[in-house]
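Quick note, the sequences are listed as chains A and B, same order. With the first sequence counted from 1, adding 701 to any position gets you my numbering. Mapping the second sequence onto my numbering, position 350 (from 1) lands on 332, and the numbers just tick up by one. Glycine included, every Cβ here is placed at the ideal spot set by N, Cα and C. Note that this is a predicted model, so its numbers are computed, not measured. Quick notes on the structure that follows.
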Amino acid sequence: MGCSIAGIIDEKGNRFSGEKIICAIKKMYLRANGLGGGFAGYGIYPENSDDFCFHIIYNDEKSRENTESYLKHDFEIVKEEPIPTRTVKAIVNRPLLFRYFLRVKDEIKKQFYEMTEEDIVMRSVMKINGAQAGAFVISSGKNMGIFKGVGYAADIGKFYKLEEYSGYCWIAHDRFPTNTPGWWGGAHPFGLLNFSIVHNGEISSYGINKRYLEEFGYRLTLHTDSEAILYLFDLLLRKHKLPMSLAHKVLCPPLWSEIEKMPEDERKFYETLRIIYGSALINGPSAIIVSDGKMMFGFTDRLKLRPLVAARNGSKFYLASEECAIQEICPLKKGDVFFPKVGEPAIGKLRNTEQTRNKGTRNGHGKFRFSSV
Amino acid sequence: MESSASVLCKSSVSVQCIRKANMKKSLLFPDFTVTRDPDKCIQCEVCVRQCAFDAHSFDKEANKIETDNSKCVSCLRCATMCPTGAITVSEHQQNIKKNKNWTEKQLKELYKQSETGGILLTGMGTDKDYKIIWDHILLDAAQVTNPSIDPLREPMELRTYLGAKPDRIEFRVQSSEFRGQNKKLRTTNYELQTKLPPQLKLETPILFSAMSYGAISLNTMRALARAADECGIFYNTGEGGLPKELYKYGKNTIVQVASGRFGVDSDYLDVAAAVEIKVGQGAKPGIGGHLPGEKVTEEISQTRMIPTGTDALSPAPHHDIYSIEDLSQLIYSIKEATGYKKPLSVKVAAVHNIAAIASGIVRAGADIVAIDGLRGGTGAAPTRIRDNVGIPIELAISAVDSRLREEGIRNRASIIAAGGFRNSADVVKAIALGADAVYIGTAALVAMGCHLCQKCYTGKCNWGIATQDPYLVKRLNPEIAARRLVNLIKAWSHEIKEIMGGMGINAVESLRGNRLRLRGFDLHENELKILDIKPAGESM
Ligand code: SF4
Ligand code: SF4
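Here is the structure:
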């Protein structure tokens, strides 16, 4: 796949209109072919920030009825409404688009006492999406939402009226699909709970990543490698409690020759990590931006076969496939822009969640220490 | 085998057996014809000295080199060593009436058995014309949407760790803040809590298969040990114990504990990198080993800890393993004895119920399951068993890997596949089906000079490999043989990297179990189902 990706986060948490990210992704339209585009916005539903927000696409009214009765069983529906859209000539064959603000019912929490609320939500999403009954949950996090469809990203953004939303973090994707035919649910970003991901690339390790995830109960229904990456993050961050930076080292581990040169404790740590999580290594050309609402994290594959640039300006941190996308929305000075090195992520973080600004942005290693018992 | 030596027909063309049986004229006719070009022959008698089967002789009276075709086994030693290239060995042309059912081979076997009354013996893996599934599996390569990787320019990682892996990593996080020059700095310390079970570290996912001292010569073993050491891989002692002089290669040695317990003592277990319990082998599932007394020399008697000249018979089953709990006890006895510092492997033949058996082995506590397929080699096996028992390794790998994943225990043990790996493409396919590494035996012997004459059980290997005759043993120079093995492993590793690069994969972890990169060609639907691969032409 070709594809372009972009992301903006305001590290102070200031919210801004979705228009900016549309402009950025539009600038790179040459990398897309109009078969899919989309956005994820964080901080866009402040009035309902404690409720899980499901964005669901339906094929027809019947699938909506069935799904809603299923939702009512597990959740209290605080609010439901069609996702507002406007007519855009280029966007055709639109499915039904609805959003729901949900709370897990107390009785369900009691019934599944061994599960967290997140586990219960994930279970519902897997059920709806796995049933293949004309309904597809495209996002399921809190105070965030995914807006996507078949078309150029810029048109999709206009269609969803994203300029009317404001959020503190946005990521976007414009697609040049080669693997899967254009389908609204198959466009990026992919989301589960608060995670969302956009991905430019093709994963040559998908076959084993998928089988590995299935061992942990994930059902990969979309036949796309980006879905596998999303679930790998979910497994590593949420279930195995790794911090983002170590999850990144699982997906893109240092070479054995690099590990050998590390100081004893660090070497042991990375060796153990790589030995345990070999099947989670993602191989093949990739540039990926992932967000969990607290940070925006960008990285490339171990050989950097797909482009990614980063820039910092004021409280804003930018990631994009090409520098022109960032230039388009922010006058950059020399020194603002940098190119993440192979194996090193570029990270923008909300500062109120993390006291100090992350000095390690340009250097993935420096800020950790390792010890062993 | 209780039916031991007396009923075995050990001789190649049975002449001795037939004499013993007091029959007048054998109905057998030779397998091969040896032609000697009289213009080229200089009567140097090299061939006479080289043939341990006494096919060549010098007739003093006639002043002529003679050949008895009936004794030739086509090991090609004479043809290779002849200084003038005078010798050609070809198939014996005797026009037995063509018959697809009653082939020449079948007839000869019937003659042999009717003349000796013995079980047919043979060596090496089956030569029967079974479909080779490897040759019906095709590999993928990257084009356009996903660039291939040039292994000469980019790193390409083959390192493999064999052993049990935990489900997840455990660590403790400690954050500490301290004052920098004018702002607070924060460091995070990760304290590793996970203690990995013992692992074997391989620089390339290939090991030398179990071949016992007794079946093979000491020089052959020396070569295997040196090559394993140089390549960062492992060789396997088989069930014949470990000669003391090879203790120095302990860190590259897997020692076997088989039903005969030959040569097993605490030093033997201590010196090894890993211990393998041999339950079965692909060439002869369900039966034990038999080393004829003639091969039990002084050195072998010391290493195997048995009297010289006695037949070394390992029983068909381990007499302390009659069920899976018993296996578990033996596994843990050995683990206790070795302080839980070495991975424990269990080797079984690929039989019909292999998936369930492998799952049991993993649950019984093994860190590695070694599976030996239908085509696995041997020093000696009854022909009928070798040629008819077991299942192909391709299907076994797939069945086992799928089963262990379904049960969520795949990470608890590594899989080593064995049985007839001919080249690096077979290895890549095995790994993509789900093996962690492969054992090679026959390929390694061929690299050292074996010509697959299948006469290993006679003890007369003209290439100095499967023999204990000091005159023959000297023929294999361990230095040169080790060099040839190292070259082989290097060549295969380069080829594996080349294939992986073509697939756009730069670490072997991403190949392992990645069945999406395989396609079946000319395979039956059921075979595709068990292999869990798509037919060629079907896309992702
Ligand atoms: S080795 Fe060759 S040249 Fe020498 S005697 Fe035999 S056939 Fe003749
Ligand atoms: S090891 Fe020797 S006897 Fe056995 S097949 Fe090879 S050449 Fe023949």
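I'd like to know whether the C-beta atoms of S724 of chain A and E1029 of chain A end up nearer to each other than 8 Å. The residue labelled residue 724 of chain A in the question sits at position 23 within the first sequence. The residue labelled residue 1029 of chain A in the question sits at position 328 within the first sequence. Sequence check: residue 724 of chain A is Cys here, not Ser. C724 of chain A places its beta carbon less than 8 Å from that of E1029 of chain A.
Counterpart residues of L295 of chain B in DSSP-defined beta bridges: Mapped onto the second sequence, residue 295 of chain B falls at position 313. For L295 of chain B, which the question treats as bridged, DSSP gives the partners B:H272.
Could you name the residues that DSSP lists as bridge partners for T49 of chain B? Here residue 49 of chain B is taken as the residue at index 67 of the second sequence, counted from 1. Answer by DSSP bridge pairing, in chain order: B:H38.
Suppose the cutoff is 7 Å on Cβ atoms and the five residues either side in sequence are ignored; what does the same chain contact list for A294 of chain B look like? Against the second sequence, residue 294 of chain B aligns to sequence position 312. G196, G242, F244, L273, V278, R286, I288, listed in sequence order.
Could you check whether the Cβ of L498 of chain B sits closer than 8 Å to any Cβ belonging to chain A? Along the second sequence, read from residue 1 onward, the residue named residue 498 of chain B stands at position 516. It does; some Cβ of chain A falls within 8 Å.
Status (buried if at least 16 other CB within 10 Å, exposed otherwise) for I78 of chain B: In the second sequence, counting from the first residue as 1, residue 78 of chain B sits at position 96. Exposed, by the Cβ-count rule.
For I101 of chain B, verify whether its CB is less than 7 Å away from any heavy atom of ligand 1. Within the second sequence, numbered from 1, the residue matching residue 101 of chain B stands at position 119. No.
Taking the straight line between their C-alpha atoms, what separation do you get for G347 of chain B and I313 of chain B? Locating residue 347 of chain B in the second sequence gives position 365, where the first residue counts as 1. Locating residue 313 of chain B in the second sequence gives position 331, where the first residue counts as 1. Computed Cα separation, rounded: 7 Å.
Taking 7 Å as the cut-off, is the beta-carbon of T365 of chain B closer than that to any non-hydrogen atom of ligand 1? As a working note, residue 365 of chain B is residue 383 in the second sequence. Answer for T365 of chain B: no, Cβ out of range of ligand 1.
Restricting to Cα atoms, I'd like to know which of A:K940, A:K806, A:D775, A:L798 is closest to V826 of chain A. By 1-based counting over the first sequence, the position of residue 826 of chain A is 125. If we check each option's Cα against that of V826 of chain A, A:D775 comes out closest.
Taking C-beta pairs closer than 7 Å, name the residues in chain B that P964 of chain A reaches, listed in chain order. Here residue 964 of chain A is taken as the residue at index 263 of the first sequence, counted from 1. Near P964 of chain A there are no residues of chain B at all, since even the closest Cβ is about 13 Å away, more than 7 Å.
Three-way DSSP call (helix, strand, coil) for Y869 of chain A in this model: Counted from its first residue, the first sequence places residue 869 of chain A at position 168. Y869 of chain A falls in the coil class under three-state DSSP.
Endpoints, beta strand (DSSP E) assigned at E159 of chain B: If you number the second sequence from 1, residue 159 of chain B lands on position 177. For E159 of chain B, the enclosing beta strand (DSSP E) has its first and last residue at 153 to 161.
Collapsed DSSP secondary structure at P747 of chain A in the structure displayed: Indexing the first sequence from 1 puts residue 747 of chain A at position 46. In the structure shown, P747 of chain A adopts helical secondary structure according to DSSP, grouped into three states.
With distances taken Cα to Cα, identify the nearest neighbour of I131 of chain B among A:N984, A:W885, A:Q812, A:M823. The sequence position of residue 131 of chain B within the second sequence is 149, counting from 1. Among A:N984, A:W885, A:Q812, A:M823, the Cα nearest to that of I131 of chain B is on A:N984.
Indicate whether at least one CB of chain A lies closer than 8 Å to the CB of A488 of chain B. Working through the second sequence from its first residue, we reach residue 488 of chain B at position 506. Per the sequence presented here, residue 488 of chain B reads as Asn, with Ala not at that position. Yes, N488 of chain B lies at the interface with chain A (some Cβ there is under 8 Å from its Cβ).
Which of the three DSSP states is assigned to D875 of chain A in this structure? Counted from its first residue, the first sequence places residue 875 of chain A at position 174. Here D875 of chain A sits in strand by DSSP.
Taking C-alpha atoms, which residue in A:E1045, A:L1009, A:T1001, A:I990 lies nearest to F740 of chain A? Here residue 740 of chain A refers to the residue found at position 39 when the first sequence is read from its first residue. Answer by Cα proximity: A:I990.
In the DSSP assignment, what are the bridge partners of P364 of chain B? Reading the second sequence from its first residue, position 382 is the one you call residue 364 of chain B. For P364 of chain B, which the question treats as bridged, DSSP gives the partners B:L103.
Determine the closest residue to I758 of chain A out of A:I745, A:I784, A:V779, A:E748, with distance taken between C-alpha atoms. One-based indexing of the first sequence puts residue 758 of chain A at position 57. Comparing Cα positions, the closest option is A:I784.
Could you tell me whether any non-hydrogen atom of ligand 2 is closer than 7 Å to the CB of N437 of chain B? For the purposes of this step, residue 437 of chain B is taken as the residue at position 455 of the second sequence. The question names Asn, but residue 437 of chain B in the sequence shown is Lys. K437 of chain B: yes, Cβ under 7 Å from ligand 2.
With H, G and I counted as helix, E and B as strand and the rest as coil, what does DSSP make of G483 of chain B? Here residue 483 of chain B refers to the residue found at position 501 of the second sequence. Helix, per DSSP.
Please report the straight-line C-alpha distance between T108 of chain B and F153 of chain B, rounded to a whole angstrom. Taking the first residue of the second sequence as 1, we reach residue 108 of chain B at position 126. Taking the first residue of the second sequence as 1, we reach residue 153 of chain B at position 171. A straight-line Cα-Cα distance of about 50 Å links T108 of chain B and F153 of chain B.
To which residues does DSSP link S56 of chain B through a beta bridge? Along the second sequence, one-based indexing puts residue 56 of chain B at 74. Note: S56 of chain B sits in no beta bridge, so no partner.
Please report the straight-line C-alpha distance between P297 of chain B and V261 of chain B, rounded to a whole angstrom. Translated into positions along the second sequence, residue 297 of chain B becomes position 315. Translated into positions along the second sequence, residue 261 of chain B becomes position 279. Whole-angstrom Cα-Cα distance: 10 Å.
Quiz: which residues have CB nearer than 7 Å to ligand 1 non-hydrogen atoms: Listed along the chain, these residues meet the criterion: B:R18, B:K22, B:C23, B:I24, B:Q25, B:C26, B:E27, B:V28, B:C29, B:V30, B:H38, B:I47, B:C60, B:M63, B:C64, B:P65, B:T66, B:A68, B:I69.
Entirely enclosed beta strand (DSSP E) segments - the region 750 to 791 of chain A, minimum 3 residues: For the region 750 to 791 of chain A, whole beta strand (DSSP E) runs of length 3 or above, ordered along the chain, are 753 to 759, 776 to 783.
Answer with yes or no whether the minimum CB distance from Q181 of chain B to chain A is below 8 Å. By one-based count along the second sequence, residue 181 of chain B stands at place 199. By this cut-off, Q181 of chain B is an interface position.
Given that a residue counts as buried once 16 or more other Cβ atoms are within 10 Å of its Cβ, and exposed if not, what is Y439 of chain B? On the second sequence, position 457 is the one that residue 439 of chain B refers to. With 16 or more Cβ atoms within 10 Å of its Cβ, Y439 of chain B is classed as buried.
Reduced DSSP category for R920 of chain A - H, G, I as helix; E, B as strand; rest coil: In the first sequence, counting from the first residue as 1, residue 920 of chain A sits at position 219. Collapsing the DSSP output to three states places R920 of chain A in coil.
Tell me, please, whether the CB atom of G275 of chain B is closer than 8 Å to any CB atom in chain A? Your numbering for residue 275 of chain B matches position 293 in the second sequence. Not closer than 8 Å to any Cβ of chain A, the Cβ of G275 of chain B fails to qualify, so no.
Just the Cα atoms here: how many angstroms apart are E961 of chain A and Y743 of chain A? Walking along the first sequence from the start, residue 961 of chain A turns up at place 260. Walking along the first sequence from the start, residue 743 of chain A turns up at place 42. Their backbone Cα atoms lie some 40 Å apart in a straight line.
Below-8 Å beta-carbon distance, W957 of chain A vs any chain B residue: By one-based count along the first sequence, residue 957 of chain A stands at place 256. Look at W957 of chain A: its C-beta is under 8 Å from a C-beta on chain B.
Indicate whether at least one CB of chain B lies closer than 8 Å to the CB of H1066 of chain A. The residue you call residue 1066 of chain A lines up with position 365 of the first sequence. Any reading at H1066 of chain A is ruled out, since the residue's pLDDT is 38, under 50, leaving its predicted position unreliable.
Could you tell me how far apart the beta carbons of A337 of chain B and R385 of chain B are, in whole angstroms, since I believe they sit closer than 8 Å? Here residue 337 of chain B refers to the residue found at position 355 when the second sequence is read from its first residue. Here residue 385 of chain B refers to the residue found at position 403 when the second sequence is read from its first residue. Contact holds; Cβ gap of about 4 Å.
Among residues of its own chain, excluding the 5 on either side of S56 of chain B, which ones have a beta-carbon nearer than 6 Å to its beta-carbon? Within the second sequence, the letter at position 74 stands for residue 56 of chain B. These residues qualify, in order along the chain: F14, V71, C435.
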